[in-house]
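Trainee: Using my numbering, read the sequence shown as starting at 10 and increasing by one per residue.
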Amino acid sequence: MAIATVAALLAALGGALWLAARRFVGPSVQRLHGGGKSGLMHGKTVLITGANSGLGRATAAELLRLGARVIMGCRDRDRAEEAAGQLRRELCQAGGPEPGSDAGEAGELVVKELDLASLRSVRAFCQEMLQEEPRLDVLINNAGIFQCPYMKTEDGFEMQFGVNHLGHFLLTNLLLGLLKSSAPSRIVVVSSKLYKYGDINFEDLNSEQSYNKSFCYSRSKLANILFTRELARRLEGTNVTVNVLHPGIVRTNLGRHIHIPLLVKPLFNLVSWAFFKTPVEGAQTSVYLASSPEVEGVSGKYFGDCKEVELLPKAMDESVARKLWDISEVMVGILK
Ligand SMILES: NC(=O)C1=CN([C@@H]2O[C@H](COP(=O)(O)OP(=O)(O)OC[C@H]3O[C@@H](n4cnc5c(N)ncnc54)[C@H](OP(=O)(O)O)[C@@H]3O)[C@@H](O)[C@H]2O)C=CC1
Ligand SMILES: CC1=C(/C=C/C(C)=C/C=C/C(C)=C/C=O)C(C)(C)CCC1
């Protein structure tokens, strides 16, 4: 027992030293590719799902700084309005471009309610978007839920598969017309390298026979990638591109369903502070795929740290991707 305690303390000490090295010696924010020049997104409308927390919030802040009109598609209006207020204050404090300056105006923030665990909510959201929004230049399918206890969505889907894949599947399909009329436009899908541990079990997509929260998360992230590749194939020639990414391991609220004993929680917090990316660092690849001229016309690719990354063969299986697409259309009720 003594050895384990010493080991844990040494790990904590090592983490603390690393923290000092990372946080106080290196650059305060690791922006890859310079993070884009101010005004780059002026005149562009971007929709980000789950933009009130973690990566989505950081992505919104970065694109706002680049001059975009950012629509936050969030399920809880109070949390979304609170995040929007903080983002607006941060932009002012950061001395965003002066309105009318040659660097272009700072962006605009809009909050709209969207619950990806409810197909009714997704349809209502898209109806409002199509009525109110003249254009949509970038859709960022960011929202996600990680290793929650077994729950079902309003429509009876396993929660992680329903929110992370099916909700975004319907959302994207209902907004495709607006994206096409706004071309050149982009779709960015936030997946995870944990896709490697997933498989698409077509016999039990809602895990009614057995539920493993880790496998279900990985399945939903594999579905994100298969969806991206099939969508890219279907969008060939439309000037609408779609790419998928892994943000890295990032200190956000995603781990909210992980139950850590109170006594070791401070150690986990220290480890996450020392070794996890900050949300701004984790958001860089989403921002890059949403805004960089370097990837204009690139579609169907998987990225990490703003660079293309090789996929496992199971994530490139076109027949599985097509079968998942067809079944997803039936599950969300997209009429042919
Ligand atoms: N953090 C990490 O290490 C990694 C994260 N990712 C991915 O990054 C993405 C963002 O997660 P992250 O920022 O880390 O986690 P957070 O939990 O901080 O943010 C998740 C966001 O998704 C929203 N969300 C959850 N369920 C729904 C729903 N039913 N309808 C609408 N929005 C919903 C949350 O809203 P609310 O605040 O109301 O819960 C929140 O805004 C996810 O897709 C995740 O899989 C991938 C790899 C690693
Ligand atoms: C940050 C943090 C935690 C861990 C979060 C984790 C481990 C999230 C991992 C998410 C991954 C790996 C997603 C991949 O797609 C704890 C321990 C809950 C509590 C302390 C703060």
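Glycine included, every Cβ here is placed at the ideal spot set by N, Cα and C.
Which class does Glu-117 belong to by DSSP, given the choice of helix, strand or coil?
Mentor: In the structure shown, Glu-117 sits in a strand (DSSP, three-state: E or B).
Trainee: Does the beta-carbon of Phe-227, which I'm using as the reference point, lie nearer than 8 Å to any heavy atom of ligand 1?
Mentor: Per the sequence presented here, residue 227 reads as Ser, with Phe not at that position. Answer for Ser-227: no, Cβ out of range of ligand 1.
Trainee: Among Asn-210, Asp-124, Thr-247, Tyr-206, which has the Cα closest to the Cα of Ser-227?
Mentor: Comparing Cα-Cα distances from Ser-227 to each of Asn-210, Asp-124, Thr-247, Tyr-206, the minimum goes to Tyr-206.
Trainee: By the three-class DSSP mapping on this structure, what secondary structure does Arg-159 have?
Mentor: Reading the sequence as shown, one finds Tyr at residue 159 and not Arg. Three-state result, Tyr-159: coil.
Trainee: Given 8 Å as the limit, is there contact between the stretch 302-322 and the stretch 207-222, that is, 3 or more CB pairs closer than that?
Mentor: Output reads no: the stretch 207-222 does not touch the stretch 302-322.
Trainee: Just how far apart, CA to CA, sit Met-325 and Arg-66?
Mentor: Going from the Cα of Met-325 to the Cα of Arg-66 covers about 30 Å.
Trainee: How big is the Cα-Cα spacing for Val-5 and Val-296?
Mentor: Past the edges of the chain, shown from 10 to 345, lies residue 5, and the structure says nothing about it.
Trainee: Taking the C-alpha atoms as reference points, what is the distance between Met-81 and Ser-47?
Mentor: So the alpha carbons of these two residues sit roughly 20 Å apart.
Trainee: Leaving out five residues on either side along the sequence, give the residues of the same chain with a beta carbon under 8 Å from the beta carbon of Arg-86.
Mentor: Val-120, Glu-122, listed in sequence order.
Trainee: For Ala-152, which residues in the same chain have their Cβ closer than 6 Å to its Cβ, ignoring the five residues on either side in sequence?
Mentor: Once the five neighbours on either side are set aside, the close Cβ partners of Ala-152 are Thr-58, Gly-59, Leu-125.
Trainee: What's the call for Leu-64, buried or exposed, on a 16-neighbour Cβ count within 10 Å?
Mentor: Label assigned to Leu-64: buried.
Trainee: Answer with buried or exposed for Pro-322, where buried requires no fewer than 16 other C-beta atoms within 10 angstroms of its C-beta.
Mentor: The residue is exposed, with fewer than 16 neighbouring Cβ atoms inside 10 Å.
Trainee: Taking all protein chains shown into account, do 16 or more other C-beta atoms lie within 10 angstroms of the C-beta of Arg-84, making it buried, or fewer, making it exposed?
Mentor: The residue in question, Arg-84, is buried, as its Cβ has 16 or more Cβ neighbours within 10 Å.
Trainee: Could you tell me whether any non-hydrogen atom of ligand 2 is closer than 8 Å to the CB of Thr-261?
Mentor: Correct: Thr-261 has its Cβ closer than 8 Å to ligand 2.
Trainee: Measuring alpha carbon to alpha carbon, tell me which of Gly-309, Leu-276, Leu-175 ends up nearest Leu-128.
Mentor: Leu-128 has its Cα closest to that of Leu-175, out of Gly-309, Leu-276, Leu-175.
Trainee: Let me confirm a value: His-268 is counted as buried when at least 16 other C-beta atoms fall within 10 Å, else exposed. Which label applies?
Mentor: It counts as exposed.
Trainee: Apart from the five residues just before and just after Ala-292, which ones in its own chain have a Cβ nearer than 6 Å to its Cβ?
Mentor: Leu-64, Ala-67, Thr-68, Glu-71.
Trainee: Under 8 Å from any heavy atom of ligand 2, does the C-beta of Arg-195 make it?
Mentor: Because no heavy atom of ligand 2 lies under 8 Å away, the Cβ of Arg-195 does not count as near it: no.
Trainee: In the stretch 127-194, which residue ranges form an unbroken beta strand (DSSP E) of at least 3 residues, counting only runs that do not cross its ends?
Mentor: The stretch 127-194 contains these whole beta strand (DSSP E) runs: 147-150.
Trainee: Alpha carbon to alpha carbon, how far is Ile-12 from Ser-130? Give it in angstroms, no decimals.
Mentor: Using only the alpha carbons, I get a separation of about 53 Å.
Trainee: Hey, would you say the C-beta of Gly-313 is under 8 Å away from at least one heavy atom of ligand 2?
Mentor: For ligand 2, not one heavy atom lies less than 8 Å from the Cβ of Gly-313.
Trainee: Does DSSP put Met-50 in a helix, a strand or coil?
Mentor: Met-50: coil per DSSP, three-state reduction.
Trainee: Is the beta carbon of Thr-134 less than 9 Å from the beta carbon of Leu-180?
Mentor: Inspection of the sequence shows that residue 134 is occupied by Phe rather than by Thr. Going by C-beta atoms, Phe-134 is nearer than 9 Å to Leu-180.
Trainee: Can we count Thr-287 as close to ligand 1, meaning its CB is less than 8 Å from some heavy atom?
Mentor: Because no heavy atom of ligand 1 lies under 8 Å away, the Cβ of Thr-287 does not count as near it: no.
Trainee: Run the proximity test for Ile-57: is its beta-carbon closer than 8 Å to any non-hydrogen atom belonging to ligand 2?
Mentor: Answer for Ile-57: no, Cβ out of range of ligand 2.
Trainee: Please specify which runs of the alpha helix (DSSP H), each continuous and at least 4 residues long, are wholly inside the stretch 214-254, giving them in chain order.
Mentor: Fully enclosed alpha helix (DSSP H) runs of 4 or longer: 222-243.
Trainee: Does the separation of the CB atoms of Arg-74 and Thr-54 fall below 9 Å?
Mentor: No, these two residues do not count as a Cβ contact at 9 Å.
Trainee: Taking only three categories from DSSP, how would you classify Ile-12?
Mentor: In the structure shown, Ile-12 sits in a helix (DSSP, three-state: H, G or I).
Trainee: Assuming His-255 contacts Ser-200 under a Cβ cut-off of 8 Å, what Cβ separation, rounded to an integer in Å, is found between them?
Mentor: That pair is a contact at about 6 Å.
Trainee: For Glu-416, which residues does DSSP report across the bridge?
Mentor: Shown here, the chain extends from 10 to 345; a query on residue 416 therefore has no answer.
Trainee: CA-CA distance, Leu-183 and Lys-189?
Mentor: Going from the Cα of Leu-183 to the Cα of Lys-189 covers about 11 Å.
Trainee: Any heavy atom of ligand 2 within a distance shorter than 8 Å of the CB on Phe-8?
Mentor: Nothing about residue 8 can be reported from this structure: the residues present for the chain run from 10 to 345 only.
Trainee: Taking C-beta to C-beta, are Ser-62 and Arg-88 nearer than 9 Å?
Mentor: A contact, by the Cβ cut-off of 9 Å.
Trainee: Any idea what DSSP makes of Cys-83, helix, strand or coil?
Mentor: Reduced to three states, the DSSP call for Cys-83 is strand.
Trainee: Going along the chain, which residues of its own chain have a beta-carbon closer than 6 Å to the beta-carbon of Asn-173, five neighbours each way excluded?
Mentor: Once the five neighbours on either side are set aside, the close Cβ partners of Asn-173 are Gly-153, Ser-229.
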